[in-house]
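*Asks:* Handing you a structure now.
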Amino acid sequence: MSEPRKPLIALDDALASLLAQVTPLAGTETLATAETRGRVLAADLVSPVDVPPADNSAMDGYALRAADAGALLPVTQRIPAGSVPAPLAAGEAARIFTGAQVPPGADTVVMQEHTELVDGQLRVTQPVSPGANVRLRGEDVRAGAVVLPAGTRLDAVSLGLAATAGAAQLTVTRRPRVAVFSTGDELVMPGEPLPPGAIYNSNRFTLRALLEGLGCEVVDLGIVPDNLAATRAALRDAASKADVILTSGGVSVGEEDHLRPAVQAEGRLDLWAIAIKPGKPFAYGRVGEAHFIGLPGNPVSSLVTFLVLVRPFLLKLQGATRLAPRGYRIPAGFDWPKPDKRREFLRVRLDEDSGLALFGNQSSGVLTSAFWADGLLDNPAGQAFAAGHAVRFIPFAELLS
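Residue numbering for the sequence shown follows the numbering used here, starting at 25 and increasing by one per position.
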């Protein structure tokens with residue numbers, strides 16, 4: 025006898041329920057700043073210095089008082105970057121280079137293209153404004169200011185900012201350990217012969233890459249045979265090694281789907297039918313102290329559910345404060361007259377002429393649609409639209425990093 029069909033859960037409600045299960049991991053480590061890309065900052069980074077540490081020149085030219093710009097000025101010193109200038113007297117100018125400290129007494133830097141030398145003295149050939157081309161001490165960062173708040177996920181720009189403040193090391197949260205395994209006697213690893221009825225195990229590679237991109241430590245347990253005892257043993261092994269167990273496929277009610285009863289025997293399991301397309305089936309539970317997450321088996325469904333549900337889950341587990349990807353309103357370059365009753369995530373590509381172009385086959389089994397696309401069009405349930413309508417576009421650059 026089949027089980028009663030559960031009502032579909034809105035994606036936002038499912039995500040809120042999933043995130044409510046998360047307590048950020050305890051434990052931190054201190055690493056060289058250059059080694060922390062993709063990690064989450066565990067404590068506020070406070071700058072001990074002003075950035076820049078002194079007024080400096082924004083370009084090559086001449087430092088002077090703006091009030092003196094109408095006269096011929098003797099050039100009394102040369103100031104390369106890294107040197108300490110002497111004070112500048114009234115009626116004098118100094119040759120200065122980009123990044124060099126502006127001498128006391130000067131309030132302006134005139135770019136060299138707006139000057140000329142007459143018998144060794146400087147003439148300014150364009151109008152001058154006080155403060156022009158001078159970067160003021162502390163205009164970027166003030167000493168004592170929080171440069172990067174705790175919960176920041178470190179990228180190239182934030183690492184540069186940390187280095188600007190003189191941080192040689194950063195304290196980051198512990199990496200989550202995520203155990204991944206596949207179930208299914210039909211699965212074959214790339215490089216092996218493909219017998220009749222078999223398929224290559226693509227989800228294993230996709231999920232591993234996604235996890236590593238999120239800074240996780242991956243425990244790859246391979247392919248588990250399709251029987252209950254082996255599946256239970258794999259779950260116990262995974263729970264002993266990892267904070268999260270992640271699988272794809274195998275949580276339905278078929279006779280060969282052993283993952284569901286195995287999780288129920290070793291822990292607890294909640295099955296959710298989420299109102300999204302692709303990716304409706306989703307499972308969450310616990311095995312021992314480890315979280316269990318079961319994704320659908322179709323490759324695009326597995327990818328989309330990971331991006332919209334598992335990604336924010338893992339970011340919160342690391343203590344990150346920004347969990348949601350940025351979306352942008354962009355005109356669609358196509359009609360969508362027959363929307364699904366579920367919230368849809370369509371694979372689309374940016375087109376400089378028409379806005380967003382749609383991949384022709386939106387099947388959950390067509391992974392080429394995701395490779396072709398630049399991101400996902402997040403379409404509300406039941407929303408039809410015509411070409412030119414502004415829709416929400418989420419770039420893969422936001423989702424895959």
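Cβ atoms here follow ideal geometry from the backbone N, Cα and C, with glycine treated the same way.
(1) By the DSSP assignment, the alpha helix (DSSP H) with ALA118 in it spans what residues?
(2) Would you report the Cα separation of LEU429 and ASN403, rounded to the nearest angstrom?
(3) Does the segment 188 to 197 come close enough to the segment 250 to 267 to have 3 or more Cβ pairs within less than 8 Å?
(4) What are the residues that DSSP puts in a beta bridge with LYS340?
(5) For ASP261, which of ARG201, VAL212 and ASN225 has the nearest alpha-carbon?
(6) Report the residue from GLU116, ILE33, HIS413 and ASP364 whose alpha carbon sits nearest the alpha carbon of VAL133.
(7) Report back the beta-carbon spacing between ALA67 and ALA174 to the nearest angstrom; my notes put them in contact at under 8 Å.
(8) Measuring alpha carbon to alpha carbon, tell me which residue in LEU65, ASP179, ALA233 and ARG367 is nearest ARG416.
(9) At a cut of 8 Å, does the segment 379 to 399 reach the segment 319 to 330 through at least three beta carbon pairs?
(10) Helix, strand or coil: which one does DSSP assign to GLY221?
(11) How far does the beta strand (DSSP E) with LEU97 in it reach, from first residue to last?
(12) How do the segment 102 to 121 and the segment 75 to 85 stand: do at least 3 beta-carbon pairs fall below 8 Å, yes or no?
(13) Measuring only the C-alpha atoms, how far is LYS362 from GLN407?
(14) Would you identify the three-state DSSP class for ALA315, choosing helix, strand or coil?
(15) Tell me, which residues are paired with PRO355 by DSSP?
(16) Would you mind sorting ASP36 into buried or exposed? The rule is 16 or more other CB atoms within 10 Å of its CB.
(17) Using the Cα positions of ALA44 and PHE316, report the straight-line distance between them to the nearest angstrom.
(18) Hey, out of SER206, LEU146, VAL46 and ALA130, whose CA is closest to GLY273's CA?
(19) Is the beta carbon of ARG228 sitting closer than 9 Å to the one on VAL204?
(20) Starting from the C-beta of ARG232, find all residues in its chain whose C-beta is less than 7 Å away, skip the five residues before and the five after it, and write them out in chain order.
(21) Here's a check: name, in chain order, each residue in its chain whose Cβ is nearer than 7 Å to the Cβ of LEU347, leaving out the five neighbours to either side.
(22) Quick check on GLY389: does DSSP put it in helix, strand or coil?
(23) Would you please state the rounded distance, in angstroms, between the beta carbons of GLY379 and ILE354? I believe it to be under 8 Å.
(24) By the 10 Å Cβ neighbour count, where 16 or more other Cβ atoms means buried, how is THR149 classified, buried or exposed?
(25) With a threshold of 16 other CB atoms inside 10 Å of the CB of PRO349, please say whether the residue is buried or exposed.
(26) Would you check if the distance between the CB atom of ALA167 and the CB atom of SER71 is smaller than 9 Å?
(27) Kindly indicate which residue of ALA299, PRO419 and LEU331 has the alpha-carbon position closest to the one of PRO31.
(28) In whole angstroms, give me the CA-to-CA distance for GLU163 and ALA180.
(29) Helix, strand or coil, according to DSSP, for PRO59 in the structure here?
(30) Excluding sequence positions up to five away, which residues of its chain have a Cβ less than 6 Å from the Cβ of GLN136?
(31) Starting from ASP261 and walking both ways along the alpha helix (DSSP H), at which residues does that stretch end?
(32) Out of PRO302, VAL311 and TRP296, which one is the CA nearest neighbour of ALA289?
(33) Excluding five sequence neighbours on each side, which residues of the same chain lie with their C-beta closer than 7 Å to the C-beta of GLU210?
(34) Which partner residues of ASP244 appear in the DSSP bridge assignment?
(35) How big is the Cα-Cα spacing for THR60 and LEU185?
(36) Mapping DSSP to helix, strand and coil, what is ALA187?
*Replies:* Reading off the structure:
(1) Counted from its first residue, the sequence shown places residue 118 at position 94. No alpha helix (DSSP H) holds ALA118; the beta strand (DSSP E) holding it covers 117 to 120.
(2) In the structure displayed, the chain extends from 25 to 425; residue 429 sits before or after that span and is not available.
(3) For the pair of segments examined, the segment 188 to 197 was found not to touch the segment 250 to 267: the number of CB pairs separated by less than 8 Å stays below three.
(4) Working through the sequence shown from its first residue, we reach residue 340 at position 316. Among the bridge pairs identified by DSSP, LYS340 is matched with none.
(5) One-based indexing of the sequence shown puts residue 261 at position 237. The residue with the shortest Cα to Cα distance from ASP261 is ARG201.
(6) On the sequence shown, residue 133 is found 109 positions in, with the first residue counted as 1. Residue nearest to VAL133 within the set GLU116, ILE33, HIS413 and ASP364 is GLU116 (criterion: CA-CA distance).
(7) Position 43 of the sequence shown, counting from 1, holds the residue named residue 67. Position 150 of the sequence shown, counting from 1, holds the residue named residue 174. Between ALA67 and ALA174 the beta-carbon gap is near 5 Å, inside 8 Å, which marks them as a contact.
(8) Mapped onto the sequence shown, residue 416 falls at position 392. Here the closest residue by C-alpha is ARG367.
(9) Output reads yes: the segment 319 to 330 touches the segment 379 to 399.
(10) Working through the sequence shown from its first residue, we reach residue 221 at position 197. In the three-state reduction of the DSSP assignment, GLY221 falls in the coil class.
(11) Along the sequence shown, read from residue 1 onward, the residue named residue 97 stands at position 73. Taken as a continuous stretch (DSSP letters only), the beta strand (DSSP E) holding LEU97 covers 97 to 103.
(12) Contact holds: three or more Cβ-Cβ distances are below 8 Å.
(13) By one-based count along the sequence shown, residue 362 stands at place 338. By one-based count along the sequence shown, residue 407 stands at place 383. A direct Cα-to-Cα measurement between LYS362 and GLN407 gives close to 8 Å.
(14) Translated into the one-based positions of the sequence shown, residue 315 becomes position 291. In the sequence as presented, Ala is not what sits at residue 315; that position holds His. Three-state result, HIS315: strand.
(15) Taking the first residue of the sequence shown as position 1, residue 355 is located at position 331. Answer by DSSP bridge pairing, in chain order: ALA414.
(16) The residue labelled residue 36 in the question sits at position 12 within the sequence shown. Flag for ASP36 reads exposed.
(17) Numbered from its first residue, the sequence shown carries residue 44 at position 20. Numbered from its first residue, the sequence shown carries residue 316 at position 292. Roughly 14 Å separates the two Cα atoms.
(18) Walking along the sequence shown from the start, residue 273 turns up at place 249. Of the candidates SER206, LEU146, VAL46 and ALA130, the residue whose Cα lies closest to the Cα of GLY273 is SER206.
(19) Your numbering for residue 228 matches position 204 in the sequence shown. Your numbering for residue 204 matches position 180 in the sequence shown. Contact flag set, yes.
(20) Start at 1 with the first residue of the sequence shown, and residue 232 comes out as number 208. For ARG232, where only same-chain residues beyond five positions count, the Cβ hits under 7 Å are VAL204, VAL242 and ASP244.
(21) In the sequence shown, residue 347 corresponds to position 323, counting from 1. Once the five neighbours on either side are set aside, the close Cβ partners of LEU347 are PRO336, LEU339 and LYS340.
(22) Here the question's residue 389 lines up with position 365 in the sequence shown. Secondary structure at GLY389: coil, using DSSP grouped into helix, strand and coil.
(23) Start at 1 with the first residue of the sequence shown, and residue 379 comes out as number 355. Start at 1 with the first residue of the sequence shown, and residue 354 comes out as number 330. Between ILE354 and GLY379 the Cβ distance is about 5 Å, and since that is below 8 Å, they are a contact.
(24) Looking up residue 149 in the sequence shown gives position 125. Burial state of THR149 is exposed, judged by a 10 Å Cβ sphere holding fewer than 16 other Cβ atoms.
(25) Position 325 of the sequence shown, counted from the first residue, corresponds to residue 349. So PRO349 counts as buried.
(26) By one-based count along the sequence shown, residue 167 stands at place 143. By one-based count along the sequence shown, residue 71 stands at place 47. The answer is yes: Cβ separation under 9 Å.
(27) Counting from one through the sequence shown, the residue named residue 31 turns up at place 7. When the alpha-carbon of PRO31 is set against those of ALA299, PRO419 and LEU331, the nearest one is in ALA299.
(28) Here residue 163 corresponds to residue number 139 of the sequence shown, with the count starting at 1. Here residue 180 corresponds to residue number 156 of the sequence shown, with the count starting at 1. Roughly 21 Å separates the two Cα atoms.
(29) Translated into the one-based positions of the sequence shown, residue 59 becomes position 35. Position check: residue 59 holds Glu in this sequence, whereas Pro was assumed. Reduced to three states, the DSSP call for GLU59 is helix.
(30) The residue you call residue 136 lines up with position 112 of the sequence shown. In chain order, ASP84 and GLY85 place their CB closer than 6 Å to the CB of GLN136, counting only its own chain and leaving out the 5 sequence neighbours on each side.
(31) Counted from its first residue, the sequence shown places residue 261 at position 237. Its alpha helix (DSSP H) spans residues 252 to 265.
(32) Residue mapping note: residue 289 aligns to position 265 of the sequence shown, counting from 1. Ranking PRO302, VAL311 and TRP296 by CA distance to the CA of ALA289 puts VAL311 first.
(33) Residue mapping note: residue 210 aligns to position 186 of the sequence shown, counting from 1. Sequence-distant Cβ neighbours of GLU210 in its own chain, meaning closer than 7 Å and more than five residues away, are GLY221, ALA222 and ILE223.
(34) Here the question's residue 244 lines up with position 220 in the sequence shown. According to DSSP, ASP244 bridges with VAL204.
(35) Indexing the sequence shown from 1 puts residue 60 at position 36. Indexing the sequence shown from 1 puts residue 185 at position 161. Taking the straight line from one Cα to the other gives about 13 Å.
(36) To locate residue 187, count along the sequence shown from 1; it is residue 163. Looking at ALA187 - three-state DSSP - the assignment turns out to be helix.
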